[in-house]
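J.: Following this message is one structure expressed as structure tokens.
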Amino acid sequence: MSTPSISRSALCGLLIASSALLGACQSQSAETTATTPSTTEPGSYPVTVDNCGFQQTFESPPQRVMVLQGASVGEVETFISLGLEATILANTQQYGVSDIPGMADKVDALPRGALTLNRAGDVPAEQALALRPDLVVSTWSGGFDPKYGFASRDMLHEAGIRTLVNPVNCAYGKPHDITPAEEQAYRNGSVESSFEFLTLIGEVFAVTDRADRVATELRARIDSVRDAVAGRPPKRMLIAFPGMSSMNAGGLPAIFSGNIYDSVVRAAGGEPTFPDGGWELTGNLSAEQLANAEVDVLIIGALSADEDLDAEAAKLFAAYPHWNASKNNTYAKVSDGIYLGPANADAIEKIARVAHPSAF
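Quick look at the structure:
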């Protein structure tokens, strides 16, 4: 089974493009202890999980969690959504802006463990071991690949450290033994994948009731949007991040499509302009393709809190005046809600209200 086509270079391109993400590379003093949540459900341990083919048993809830970067913020936001901030020993996921009100400040407030990260914002193996976490969380399997300088899952396990990969990304960066189910899960990543990780963390930390409650509330909001836009002609939607233009060979805004991105668009009553485009589209989309694109709604994304998305949308509308979105000045402003994580509901609501205002 071959590794999915998304490459480490594409991941690093996203990291290097983001000053907000690179801000996580600055070392910062932090407390080195954390407390277990007082609301752990009794009688829940031991908990055994098979995560990406790596079976582990948790005898008690982790108390010293390290969250690895991987160009994601969804994992750490899931911990916050479940009220597990106190368990985080060191967080390297950083974005600086969120579709969830107040979430960016909560992420900023987490300890970073006085780590000295590499240029891509990753934790070298020796530092991961030296900090003595009891759980290390990565958004992708590549976060445990020694060829990138990371500690392997086996190495960490031998040191008594448990590890978790976001299940949708088991096949992403996994060096070997990728199963057909793992590859299919990666290819078919969707909003449901965000809930899968939330459920996993709820199980490991014995807060399944809390995880179920959060998931139910978020699903209800998404279903409410789907019901509101049902039966309406879908709008063609384009997700563009001007601040990530270094990811495109021609310096165009980074255009995201495929798996989770298309899932968010469809939940909001749209169809992606470039369905299933993946990272190949992001890196190689041409000016001609963008000029010929059908765009009813521009979904313009923020990479940092100081970006002027109104001005960025105006630039794109001036460059592509034939888009329906340009003619009608139709755009929705988002940030982390189009990625894996608990912010999907917030982004879907924002997009749907712009695309189908009469439905709300």
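The C-terminal residue of the sequence shown carries number 370 in this note's numbering, and the numbering is unbroken.
Note that CB positions come from ideal geometry on N, CA and C, so glycine has one too.
Where does A362 sit, in a helix, a strand or coil, going by DSSP?
T.: In the sequence shown, residue 362 corresponds to position 352, counting from 1. DSSP places A362 in helix when its eight states are reduced to three.
J.: By a C-beta neighbour count over all protein chains shown, 10 Å radius and 16 as the cutoff for buried, is F327 buried or exposed?
T.: Within the sequence shown, residue 327 is the residue found at index 317, counting from 1. F327 should be labelled buried.
J.: Are the beta-carbon atoms of E85 and N179 separated by less than 8 Å?
T.: Position 75 of the sequence shown, counting from 1, holds the residue named residue 85. Position 169 of the sequence shown, counting from 1, holds the residue named residue 179. For E85 and N179, no; Cβs fall outside 8 Å.
J.: Sorted by chain position, which residues of the same chain lie with C-beta nearer than 7 Å to S148's C-beta, five sequence neighbours on each side aside?
T.: For this step, residue 148 is matched to residue 138 along the sequence shown. If we look at S148 and ignore the five residues flanking it on each side, its Cβ neighbours are L78, G80, F154 and V175.
J.: Where does V305 sit, in a helix, a strand or coil, going by DSSP?
T.: As a working note, residue 305 is residue 295 in the sequence shown. V305: coil per DSSP, three-state reduction.
J.: When the Cα atoms are used, what is the spatial distance from V364 to P143?
T.: Walking along the sequence shown from the start, residue 364 turns up at place 354. Walking along the sequence shown from the start, residue 143 turns up at place 133. Going from the Cα of V364 to the Cα of P143 covers about 44 Å.
J.: Near E192, what residues of its chain come up, given a Cβ to Cβ distance below 6 Å and the 5 sequence neighbours on each side ignored?
T.: Here residue 192 is taken as the residue at index 182 of the sequence shown, counted from 1. Cβ within range, chain order: C180 and A181.
J.: Would V274 pass as a contact of A357 if the rule is Cβ separation under 8 Å?
T.: As a first step, residue 274 must be located in the sequence shown, where it is residue number 264. As a first step, residue 357 must be located in the sequence shown, where it is residue number 347. Yes. Within cutoff.
J.: Comparing C-alpha positions only, which one of S267, I232 and I310 sits nearest to N198?
T.: Walking along the sequence shown from the start, residue 198 turns up at place 188. The residue with the shortest Cα to Cα distance from N198 is S267.
J.: Below 8 Å on the Cβ atoms is my contact criterion, and I expect V83 with D318 to pass it. Report the Cβ-Cβ distance as a whole number of Å.
T.: Here residue 83 refers to the residue found at position 73 of the sequence shown. Here residue 318 refers to the residue found at position 308 of the sequence shown. Rounded, the Cβ-Cβ distance is 21 Å, inconsistent with contact.
J.: Quick one: is R246 buried, meaning 16 or more other Cβ sit within 10 Å of its Cβ, or exposed?
T.: For this step, residue 246 is matched to residue 236 along the sequence shown. So R246 counts as buried.
J.: Is the beta carbon of I249 less than 8 Å from the beta carbon of I110?
T.: Residue mapping note: residue 249 aligns to position 239 of the sequence shown, counting from 1. Residue mapping note: residue 110 aligns to position 100 of the sequence shown, counting from 1. Going by C-beta atoms, I249 is not nearer than 8 Å to I110.
J.: Here's a check: name, in chain order, each residue in its chain whose Cβ is nearer than 7 Å to the Cβ of L262, leaving out the five neighbours to either side.
T.: For the purposes of this step, residue 262 is taken as residue 252 along the sequence shown, with counting starting at 1. Once the five neighbours on either side are set aside, the close Cβ partners of L262 are S255, L295, A297 and L300.
J.: Tell me whether V235 sits in a helix, a strand or coil according to DSSP, three-state version.
T.: Numbered from its first residue, the sequence shown carries residue 235 at position 225. Three-state DSSP puts V235 in a helix.
J.: Evaluate contact between the segment 52 to 72 and the segment 213 to 232, counting only Cβ atoms and requiring at least three cross-stretch pairs below 8 Å.
T.: In short, these stretches touch, since the Cβ pair count reaches three.
J.: How would you call T173, buried or exposed, if buried means at least 16 neighbouring beta carbons within 10 angstroms?
T.: For the purposes of this step, residue 173 is taken as the residue at position 163 of the sequence shown. By the 10 Å Cβ count, T173 comes out buried.
J.: With H, G and I counted as helix, E and B as strand and the rest as coil, what does DSSP make of T189?
T.: Along the sequence shown, one-based indexing puts residue 189 at 179. It is coil, neither helix nor strand.
J.: Could you spell out where the beta strand (DSSP E) holding Q103 opens and where it closes?
T.: In the sequence shown, counting from the first residue as 1, residue 103 sits at position 93. From DSSP, Q103 is part of no beta strand (DSSP E); its letter is neither H nor E.
J.: Tell me the rounded alpha-carbon separation between D118 and G106.
T.: Looking up residue 118 in the sequence shown gives position 108. Looking up residue 106 in the sequence shown gives position 96. Each residue's alpha carbon lies about 7 Å from the other.
J.: Give the single residue among Q194, P352, E136 and L308 whose Cα lies nearest to the Cα of C62.
T.: Reading the sequence shown from its first residue, position 52 is the one you call residue 62. Nearest option by C-alpha distance: Q194.
J.: Residues in the same chain with beta-carbon distance under 6 Å from A225, minus the five sequence neighbours each way, listed in chain order, please.
T.: In the sequence shown, residue 225 corresponds to position 215, counting from 1. The residues are F205 and L208.
J.: Mind checking H366: buried by the 16 CB within 10 Å criterion, or exposed?
T.: Locating residue 366 in the sequence shown gives position 356, where the first residue counts as 1. With 16 or more Cβ atoms within 10 Å of its Cβ, H366 is classed as buried.
J.: Quick one: residues in its chain with C-beta nearer than 8 Å to the C-beta of F370, no 5 flanking neighbours on either side, listed in chain order?
T.: One-based indexing of the sequence shown puts residue 370 at position 360. Cβ within range, chain order: A238, A362 and R363.
J.: Just curious, the beta strand (DSSP E) that N176 is in, first and last residue?
T.: Sequence index remark: in the sequence shown, residue 176 carries index 166 (1-based). Note, N176: premise wrong, no beta strand (DSSP E); not H, not E.
J.: Would a C-beta distance cut-off of 8 Å place A329 and L308 closer than the cut-off?
T.: Position 319 of the sequence shown, counted from the start, is the residue given in the question as residue 329. Position 298 of the sequence shown, counted from the start, is the residue given in the question as residue 308. Contact flag unset, no.
J.: Given that a residue counts as buried once 16 or more other Cβ atoms are within 10 Å of its Cβ, and exposed if not, what is R223?
T.: To locate residue 223, count along the sequence shown from 1; it is residue 213. That one is exposed.
J.: My output table needs one value for D115: the three-state DSSP class, helix, strand or coil.
T.: Start at 1 with the first residue of the sequence shown, and residue 115 comes out as number 105. It is helical.
J.: Report yes if the CB atom of T102 is closer than 8 Å to the CB atom of V75, and no otherwise.
T.: Your numbering for residue 102 matches position 92 in the sequence shown. Your numbering for residue 75 matches position 65 in the sequence shown. It is not a contact, given that the beta carbons lie outside the stated cut-off.
J.: If you draw a straight line from the C-alpha of V344 to the C-alpha of S336, how long is it?
T.: Within the sequence shown, the letter at position 334 stands for residue 344. Within the sequence shown, the letter at position 326 stands for residue 336. Distance between the alpha carbons of V344 and S336: 18 Å.
J.: If T126 sits next to G351, beta carbons under 8 Å apart, how far is it from one beta carbon to the other, in whole angstroms?
T.: Along the sequence shown, one-based indexing puts residue 126 at 116. Along the sequence shown, one-based indexing puts residue 351 at 341. Incorrect: roughly 26 Å between the Cβ atoms, too far for contact.
J.: Would you call the CB atoms of L291 and I265 closer than 8 Å?
T.: Counting from one through the sequence shown, the residue named residue 291 turns up at place 281. Counting from one through the sequence shown, the residue named residue 265 turns up at place 255. Yes, Cβ-Cβ distance for L291 and I265 is below 8 Å.
J.: Does the distance from the C-beta atom of V305 to that of A278 stay below 8 Å?
T.: The count along the sequence shown starts at 1 and reaches residue 305 at position 295. The count along the sequence shown starts at 1 and reaches residue 278 at position 268. No, these two residues do not count as a Cβ contact at 8 Å.
J.: My understanding is that L139 touches A161, with C-beta atoms under 8 Å, so please give their C-beta distance in whole angstroms.
T.: If you number the sequence shown from 1, residue 139 lands on position 129. If you number the sequence shown from 1, residue 161 lands on position 151. About 6 Å separates the two Cβ atoms, so the contact holds.
J.: Which full runs of the beta strand (DSSP E) of 3+ residues lie inside the segment 204 to 284, going along the chain?
T.: Fully enclosed beta strand (DSSP E) runs of 3 or longer: 245 to 251, 264 to 266 and 280 to 282.
J.: For K184, does the count of other Cβ atoms within 10 angstroms reach 16, so buried, or fall short, so exposed?
T.: What you label residue 184 is simply residue 174 of the sequence shown in a count that begins at 1. Label assigned to K184: buried.
J.: Going by DSSP, which residues form a beta bridge with D60?
T.: For this step, residue 60 is matched to residue 50 along the sequence shown. Looking at the DSSP assignment, D60 forms a beta bridge with Q65.
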